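Input: a single structure, listed below in structure tokens.
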Amino acid sequence: MIHRGLLLVAVAHLATIGLLLAGWLPVAAGVVLHTLLTLAAIQLVARSAVSIAAMAAAPLGPAAMLVAYAVALHSRRLRPTAPAVLAAHTGRGPANDRRLTDRIEDDRLRSPDAGKLVNFADALRHGDVALRQSVVSVVVRNFVPALSPLIAIALTDADQAIRTQAAAAVAEIDQDLARRRTDLVDQAAANPAVADALLTLLHDHAESNVLLSPASRRAIALDAAAYGAMMLEAIPPGRRDRLPAARRHAKALCRVDRAAEAVALLTPIVDPRVAAPVDITALMEALLAARAYAALGDLAQVAQRREAPPELAAMLDFWHDRKEA
10 MIHRGLLLVA
20 VAHLATIGLL
30 LAGWLPVAAG
40 VVLHTLLTLA
50 AIQLVARSAV
60 SIAAMAAAPL
70 GPAAMLVAYA
80 VALHSRRLRP
90 TAPAVLAAHT
100 GRGPANDRRL
110 TDRIEDDRLR
120 SPDAGKLVNF
130 ADALRHGDVA
140 LRQSVVSVVV
150 RNFVPALSPL
160 IAIALTDADQ
170 AIRTQAAAAV
180 AEIDQDLARR
190 RTDLVDQAAA
200 NPAVADALLT
210 LLHDHAESNV
220 LLSPASRRAI
230 ALDAAAYGAM
240 MLEAIPPGRR
250 DRLPAARRHA
260 KALCRVDRAA
270 EAVALLTPIV
280 DPRVAAPVDI
290 TALMEALLAA
300 RAYAALGDLA
310 QVAQRREAPP
320 ELAAMLDFWH
330 DRKEA
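The sequence shown begins at 10 in my numbering and counts up by one.
Structure (structure tokens):
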């Protein structure tokens, strides 16, 4: 429906222009009327849902604002509603909200792969209050750092109860991280498996937990690098678990801008002629982070002579495209 007040102001503005063109209205009076009518039109549409579109045409006067308002209003009506968007992206409409809620409450959507994260994010943005509360609950119950963007979405929810639920979840996640870290640190020295769990915990939060500040994530990454160095020193050369530990430590070093150290760590122990693809990929990532392009090119030439699995092939393709550019 066209804004009636804006329509009247636009008609008055067109009448003013007509009087000016006919010479029946002084130019100064016409300028004053144009300004007053434009200000009145701005005031009328200021709280409208399409006010930005109308105000963009304000320099041209109320008549242009009326046209912009009508076009924007028509476009808004053609835009899919929230339930339609949810159905388009997730295959679910309002009739199936209850089914999704049941599945969430049954914890059958726990693994944080990309497709399920998109489904959960769509549910948080477009679902009803009960569905959004269920999503937050299951994310908290099954929290891993890769799910933290969903809590971040819930922190901006329109519903106060959901925002409170998300804020409480953030506090609970922080406390759980501190508790688990303390428990693992106390046991890591005597148990390599616990030490590995500690590194995994720190790596995951440093890399994926968007609820932490950048400074906190970097501090955790630095701690992971320090713990990784201690773990590596405790593993004698030649032992089978030394290479996986070195690979994890190299990744931690790259994350805190110490890629040169990662290269120095991996180069002597990763032979591209016989090494596992995951180890070659780790070395290539370290060389790339260290901007050691000549060494990366040499490594790529050796590695390309082998039949590369998908993850190594992707890295080699990336390097080839970069070199061609």
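All residues carry an ideal CB built from backbone N, CA and C; glycine is no exception.
Every value quoted in this text rests on a predicted model; they were computed, and no experiment measured them.
Count the other CB atoms within 10 Å of the CB of Pro281; is the residue buried (16 or more) or exposed (fewer)?
Your numbering for residue 281 matches position 272 in the sequence shown. So Pro281 ends up on the buried side.
Where do the ends of the alpha helix (DSSP H) carrying Val145 lie?
Along the sequence shown, read from residue 1 onward, the residue named residue 145 stands at position 136. 138-150 is the span of the alpha helix (DSSP H), which, as asked, contains Val145.
If we call anything under 8 Å between Cβ atoms a contact, is Arg227 one with Val194?
The residue labelled residue 227 in the question sits at position 218 within the sequence shown. The residue labelled residue 194 in the question sits at position 185 within the sequence shown. Contact: no.
Exposure of Asp166, with buried meaning 16 or more beta-carbon neighbours within 10 Å
As a first step, residue 166 must be located in the sequence shown, where it is residue number 157. Label assigned to Asp166: buried.
Length of the line joining the Cα atoms of Met239 and Arg251:
As a working mapping, residue 239 is identified with position 230 in the sequence shown. As a working mapping, residue 251 is identified with position 242 in the sequence shown. Computed Cα separation, rounded: 12 Å.
Exposed or buried, Asp288, counting other C-beta atoms within 10 Å across all chains shown (16 or more means buried)?
Your numbering for residue 288 matches position 279 in the sequence shown. Buried, because 16 or more other Cβ atoms sit within 10 Å of the Cβ of Asp288.
Thinking C-alpha only, which one of Ala259, Ser225, Ala79, Leu28 is nearest Tyr236?
Translated into positions along the sequence shown, residue 236 becomes position 227. Minimum Cα distance to Tyr236 is reached at Ala259.
Any chance the stretch 207-225 sits against the stretch 143-157, with 3 or more Cβ pairs inside 8 Å?
yes
Judging by CA-CA distance, which residue of Gln174, Pro277, Gly39, Leu69 is the nearest neighbour of Val147?
Residue numbering aside, residue 147 sits at position 138 when the sequence shown is read from its first letter. Residue Gln174 is the option with its Cα nearest to Val147.
Where Ile51 and Val80 are concerned, what is the direct C-alpha to C-alpha distance, given to the nearest angstrom?
Residue mapping note: residue 51 aligns to position 42 of the sequence shown, counting from 1. Residue mapping note: residue 80 aligns to position 71 of the sequence shown, counting from 1. The straight-line gap from Cα to Cα measures roughly 17 Å.
Once DSSP output is grouped into helix, strand and coil, what is the label at Gly14?
Counted from its first residue, the sequence shown places residue 14 at position 5. Looking at Gly14 - three-state DSSP - the assignment turns out to be helix.
Identify whether Asp205 lies in helix, strand or coil by the three-state DSSP scheme.
Working through the sequence shown from its first residue, we reach residue 205 at position 196. The answer is helix: DSSP assigns Asp205 an H, G or I state.
Residue range of the alpha helix (DSSP H) that includes Arg189
In the sequence shown, counting from the first residue as 1, residue 189 sits at position 180. Looking at the DSSP string, the run of the alpha helix (DSSP H) that includes Arg189 is 169-197.
Could you tell me how far apart the beta carbons of Ile162 and Arg134 are, in whole angstroms, since I believe they sit closer than 8 Å?
As a working note, residue 162 is residue 153 in the sequence shown. As a working note, residue 134 is residue 125 in the sequence shown. 7 Å between Cβ atoms; contact.
If you run the structure through DSSP and keep just helix, strand and coil, what is Gly247?
By 1-based counting over the sequence shown, the position of residue 247 is 238. Three-state result, Gly247: coil.
Reduced DSSP secondary structure (H/G/I, E/B, other) of Arg264:
As a position in the sequence shown, residue 264 is number 255, starting the count at 1. Looking at Arg264 - three-state DSSP - the assignment turns out to be helix.
Same chain, Cβ closer than 8 Å to Val311, five either side skipped, listed in chain order:
In the sequence shown, the residue the question calls residue 311 occupies position 302. Counting only Cβ-Cβ distances below 8 Å, and skipping sequence neighbours, we find Pro281, Arg282.
Between Asn207 and Ala199, how many whole angstroms is the CB-CB distance? I'm expecting something under 8 Å.
Translated into the one-based positions of the sequence shown, residue 207 becomes position 198. Translated into the one-based positions of the sequence shown, residue 199 becomes position 190. Per the sequence shown, the amino acid found at residue 207 is Leu instead of Asn. So it is not a contact: roughly 12 Å between Cβ atoms.
Whose CA, out of Thr191, Val203, Leu221, Ala139, lies closest to the CA of Ala178?
Locating residue 178 in the sequence shown gives position 169, where the first residue counts as 1. Selected option, being the one with the closest Cα: Leu221.
Helix, strand or coil for Ala27 per DSSP?
Counted from its first residue, the sequence shown places residue 27 at position 18. What sits at residue 27 in the sequence shown is Gly, not Ala. Three-state DSSP puts Gly27 in a helix.
Need the endpoints of the alpha helix (DSSP H) that Gly70 sits in, please.
In the sequence shown, residue 70 corresponds to position 61, counting from 1. Taken as a continuous stretch (DSSP letters only), Gly70 belongs to no alpha helix (DSSP H), as it is neither H nor E.
Can you give me the Cβ contacts of Leu308 inside the same chain, cut-off strictly under 8 Å, excluding the 5 residues immediately before and after it?
The sequence position of residue 308 within the sequence shown is 299, counting from 1. Correct list, in chain order: Pro281, Ile289, Leu292, Met293, Leu296.
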